[in-house]
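What follows is a short report on a single structure.
Protein chains: 2
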Amino acid sequence: MQDRRKAIFELIEQKDEVSIHELEALFPGVSSMTLRRDLDYLENEHKIIKIKGGAKSLSHLSRSILQDVEGDYAQREILNADKKRKIAEKAAPLAEAGRSIFIDAGSTMMQLARRLHSGRFSVITNGVNVALEMSQNKSATVNLVGGELNRNNLCVSGAGALDHIQDINIDIAFMAASCFSLENGFTNGSFDEYKLKQQVIKKAKKTIVLMDSTKIGKSMPYTFCRPEDVDVLVLDQEPDDALRLAAKEAGMEII
Amino acid sequence: MQDRRKAIFELIEQKDEVSIHELEALFPGVSSMTLRRDLDYLENEHKIIKIKGGAKSLSHLSRSILQDVEGDYAQREILNADKKRKIAEKAAPLAEAGRSIFIDAGSTMMQLARRLHSGRFSVITNGVNVALEMSQNKSATVNLVGGELNRNNLCVSGAGALDHIQDINIDIAFMAASCFSLENGFTNGSFDEYKLKQQVIKKAKKTIVLMDSTKIGKSMPYTFCRPEDVDVLVLDQEPDDALRLAAKEAGMEII
DNA sequence: CATACCTATGTTATTATATAACATTTCCAT
DNA sequence: ATGGAAATGTTATATAATAACATAGGTATG
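Chains as they are written, first to last, in this note's numbering: chain A, 214 to 468; chain B, 214 to 468.
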């Protein structure tokens with residue numbers, strides 16, 4: 214019995230999800246009731262979670278979970294998940310293998326990390342969820358910035374984080390922006406994160422900002438950079454003329 | 214519509230799990246089909262997971278998941294979960310509120326963190342899962358050590374981690390030991406983690422080691438401390454006479 | 001302001017799935 | 001051998017999910 218349960222568990226680990234019917238086909242010797250009971254058992258052991266018609270792997274879930282644990286912030290932003298995916302897809306090819314890349318914290322960056330599951334990167338990040346996601350990529354080394362953990366967005370910042378960045382070389386920095394306006398540039402709302410972003414951008418050879426278009430025209434307290442500091446801005450849609458012009462003047466490419 | 218969906222999501226976040234029937238009672242204005250569609254939507258957004266008859270919070274799952282994500286090591290060690298819980302229960306009261314405490318990485322420490330959900334602690338840790346767990350305690354500040362992330366045990370270590378510790382005061386250090394023997398003292402198997410442990414113990418006013426009894430009499434490459442450096446050793450069972458004697462000589466209390 | 005159109009929602013019938021309760025088998029210890 | 005516990009099977013029943021179509025409400029457009 215334990216053998217069968219172990220086999221079922223391993224199958225689920227491997228496939229992420231199985232249906233009772235698949236299990237029936239795979240274990241013709243036992244009844245579906247027994248298989249259900251096996252799933253009950255594994256669920257009680259916190260190894261899987263039962264869903265209608267089958268079961269899912271918990272450890273696979275852990276991946277998709279962390280991108281959304283980001284508390285209040287994420288809750289407000291729930292609507293823009295599509296845009297974020299679109300942006301991340303456009304930005305992912307800009308990460309050249311073999312390079313040292315910084316990945317900012319935030320849900321858009323989490324989407325980016327999910328698209329970097331292969332390739333030899335040296336990643337440094339202040340997003341705990343980004344770090345965990347990138348650790349799925351066996352050929353990447355993941356460096357996590359130290360400092361105080363913000364429980365709302367799973368972001369690490371503070372003085373310790375600044376020191377940490379100091380001695381690390383960054384080829385490409387992927388940054389998230391809370392807002393952008395022509396007057397104030399790229400802004401965000403936390404002092405500690407603002408300091409860290411500034412520091413990273415100063416150190417990075419190339420800076421890429423990812424932002425969804427709903428954030429354009431708004432502004433937050435801290436300006437962490439302006440278009441002239443940015444090499445590429447990744448948006449989910451075409452910029453309007455004013456932004457296009459400003460970007461051209463500042464030498465910022467928009468994709 | 215978005216309001217309702219947000220309310221449902223928040224309800225699930227709060228309660229961990231809801232049934233369709235509960236939702237029907239809570240939203241008498243809409244049909245159950247609509248509520249099902251809301252759950253479909255939230256599941257698509259990776260905010261919840263649907264189960265038969267209702268839905269579950271993903272972020273609540275993340276708690277139970279992370280303690281088991283610890284790769285091969287954890288899978289081998291899963292058998293001692295009971296002992297770990299027992300140890301953690303004995304150790305938790307030693308964490309005095311208001312103090313600066315270090316919590317080592319590892320699954321025993323994860324169990325400890327789960328028992329510190331209330332109380333005003335200033336926590337510093339090198340375990341990513343410990344940090345996430347402690348961030349559930351709203352009155353704790355959580356400081357995460359920076360450095361390279363070990364994908365197997367979600368532990369952060371390396372030179373960056375050492376620097377980070379340098380400037381932080383630690384009242385009580387809760388340390389995990391891979392092995393203990395009378396000849397070699399407390400040992401573990403990773404150089405980077407060994408350096409970090411040493412540093413932490415040097416800085417800590419009080420050192421408490423948590424270890425399950427299956428690890429006694431074995432030994433690993435790096436000795437990070439000896440009984441005379443330890444104030445309290447927390448075991449799951451009574452020590453044998455040899456250990457008891459050695460502890461007495463070294464001034465190490467065993468509980 | 002009427003029209004079409006899209007989105008959200010509701011209704012119902014149908015299908016699929018889970019559960020409970022009881023029956024049977026298997027295996028182990030005595 | 002035999003009692004009993006654990007595992008598994010069977011069936012009827014209850015429960016939930018889905019599909020397909022129907023309706024309502026809002027809004028952009030001529």
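Note that CB positions come from ideal geometry on N, CA and C, so glycine has one too.
Given residue i as reference, the closest of the options once Cα atoms are compared
i	options	result
A:Leu423	A:Ala305, A:Ala238, A:Ser245 and A:Gly267	A:Ala305
B:Asn382	B:Ser352, B:Lys419, B:Thr247 and B:Asp442	B:Lys419
B:Tyr438	B:Asp454, B:Ser394, B:Ala455 and B:Leu456	Per the sequence presented here, residue 438 of chain B reads as Cys, with Tyr not at that position. Answer by Cα proximity: B:Ser394.
B:Glu237	B:Asp229, B:Glu226 and B:Asp251	B:Asp251
B:Ile378	B:Leu255, B:Asp317 and B:Ala390	B:Asp317
B:Lys299	B:Lys416, B:Val243, B:Asp444 and B:Gln324	B:Gln324
B:Leu307	B:Pro452, B:Phe387, B:Ser403 and B:Ser352	B:Phe387
A:Pro440	A:Lys461, A:Pro452 and A:Pro434	A:Lys461
A:Glu230	A:Val343, A:Leu274 and A:Ala301	A:Leu274
B:Asp216	B:Val243, B:Ala301 and B:Glu235	B:Val243
B:Thr247	B:Gln227, B:His259 and B:Met214	B:Met214
Beta-carbon contacts of residue i that lie in its chain and below 7 Å, excluding the five residues immediately before and after
i	result
A:Arg289	Low per-residue confidence applies at A:Arg289: pLDDT is 43, beneath 50, and the placement is therefore not dependable, though the value from the model is reported in the following sentence. So no residue of the chain qualifies.
B:Leu458	none
B:Arg327	Glu346
B:Lys303	Val447 and Ile468
B:Lys297	Ser320, Thr321, Gln324 and Asp425
A:Glu266	Here residue 266 of chain A is Gly; the residue named in the question, Glu, does not match the sequence. Cβ neighbours of A:Gly266 beyond the five flanking positions: Ser232 and Ile233.
B:Asp285	Unreliable positioning characterises B:Asp285 in this predicted model, as indicated by a pLDDT of 39, which lies under 50. The coordinate reading is nonetheless provided below. Hits under 7 Å: Asn365.
A:Ile291	Legend: pLDDT at A:Ile291 = 49, less than 50; position of this residue unreliable, no value from coordinates given.
B:Gln412	Leu375 and Ile378
A:Lys245	In the sequence under discussion, the amino acid at residue 245 of chain A is Ser, which differs from the Lys named in the question. Cβ within range, chain order: Ile233 and Glu237.
A:Leu329	Ala305, Ala308, Met347 and Asn350
A:Ala344	Thr338, Val355 and Leu357
B:Phe240	Arg217 and Leu248
Proximity below 7 Å, CB of residue i to CB of residue j
i	j	result
A:Ser432	A:Asp449	no
A:Val445	A:Ile429	no
B:Val447	B:Ile414	no
B:Thr436	B:Gly464	no
A:Ile385	B:Ile264	no
Bridge-paired residues (DSSP) for residue i
i	result
B:Lys263	B:Ala268
A:Ala386	A:Phe315 and A:Thr420
A:Leu357	A:Thr338 and B:Gly360
B:Thr400	B:Cys392 and B:Thr436
B:Ser232	B:Gly267
B:Ser320	DSSP lists no partner for B:Ser320.
B:Glu466	B:Val445
A:Ser370	A:Glu361
A:Ile300	Per DSSP, none; premise fails for A:Ile300.
B:Ile429	B:Phe393
Spatial neighbours of residue i in its chain, beta-carbon cut-off 8 Å, leaving aside the 5 residues before and after
i	result
B:Ala455	Leu395
B:Ile261	Phe222, Ile225, Leu252, Leu255, Ala268, Lys269, Ser270 and Leu271
B:Arg249	Ile233
A:Ser348	Val355
B:Ser331	Asn350 and Ser352
B:Arg218	Asp251, Tyr254 and Leu255
A:Ala417	Phe315, Ile383, Asp384, Ile385 and Ala386
A:Gly402	Ser391, Met433, Pro434 and Tyr435
Contacts around residue i, its chain only, beta-carbon distance under 6 Å, and the 5 residues preceding and following it disregarded
i	result
B:Val341	Leu367
A:Ser352	Arg333
A:Cys392	Thr400, Lys428, Lys431, Ser432 and Met433
B:Ala390	Phe399, Val422 and Met424
A:Glu466	Val445
A:Asn257	none
Inter-stretch contact at 8 Å, needing at least 3 Cβ pairs: the segment 356 to 375 of chain A / the segment 403 to 416 of chain A: yes
Touching by the beta-carbon criterion (3+ pairs, under 8 Å), the segment 312 to 319 of chain A and the segment 328 to 346 of chain A: yes
Contact between the segment 350 to 363 of chain B and the segment 348 to 362 of chain A (3+ Cβ pairs under 8 Å): yes
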